[in-house]
Amino acid sequence: MQDILDHIGFPIADYARSVAFYKQSLAPLGIAMLKEVSLSEDGSDGYAGFGRQRPQFWIGTGSPLKGRLHVAFAATSREQVQAFYEAALAAGGRDNGPPGLRPHYHENYYGAFVLDPDGHNIEAVTHLPE
């Protein structure tokens, strides 16, 4: 079965702040910044691509989105979900739902939610039983 998305990208308000947030927050999930494209000589604007093997999650400069975007990253364990949550809070994210089961989604849905620097709802989730 083929995935339905190849990659996603969206603009953010403060490039450097968001790059630092995502580098720290996604590291426990094995996700790193794999590519950066600068559009100016001082590096204040551009695009950053994050992924495990290739960039699939992109942030960049531009007019920030209005409203809240939701992105859920796949975790391989409940421990990874917990580590993501702790790293995201340490990176300046705001709690939007601590790690735990969400049985109203399904029996083994275990996720954690934080708001990124732009207020977007970022999640790490696993669907595996404990």
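Residues 132 to 261 (the numbering used here) make up the sequence shown, in order.
Where a beta carbon is used, it is the ideal one built from N, C-alpha and C, also for glycine.
Since we're looking at a predicted model, the values are computed, not measured.
How far does the beta strand (DSSP E) with residue i in it reach, from first residue to last?
i: residue 241; result: 241-246
i: residue 167; result: 163-169
i: residue 179; result: 177-182
Return the CA-CA distance between residue i and residue j, expressed in angstroms with no decimal places.
i: residue 253; j: residue 211; result: 14 Å
i: residue 156; j: residue 218; result: 5 Å
i: residue 193; j: residue 246; result: 19 Å
i: residue 228; j: residue 149; result: 20 Å
i: residue 138; j: residue 202; result: 12 Å
i: residue 204; j: residue 168; result: 23 Å
i: residue 198; j: residue 259; result: 31 Å
i: residue 159; j: residue 135; result: 24 Å
i: residue 257; j: residue 195; result: 29 Å
i: residue 248; j: residue 238; result: 31 Å
i: residue 261; j: residue 154; result: 27 Å
i: residue 189; j: residue 251; result: 14 Å
i: residue 146; j: residue 255; result: 22 Å
i: residue 220; j: residue 234; result: 24 Å
Quick check on residue i: does DSSP put it in helix, strand or coil?
i: residue 254; result: strand
i: residue 236; result: coil
i: residue 219; result: helix
i: residue 203; result: strand
i: residue 225; result: strand
i: residue 157; result: helix
i: residue 208; result: coil
Could you tell me which residues DSSP pairs with residue i in its beta bridges?
i: residue 142; result: 191
i: residue 231; result: 242
Report, in whole angstroms, the separation of the C-beta atoms of residue i and residue j, which I expect to be a contact under 8 Å.
i: residue 186; j: residue 165; result: 5 Å
i: residue 222; j: residue 215; result: Contact flag wrong, Cβ pair sits at about 10 Å.
i: residue 177; j: residue 170; result: 5 Å
i: residue 182; j: residue 140; result: Not confirmed; about 12 Å, so no contact.
i: residue 241; j: residue 209; result: 5 Å
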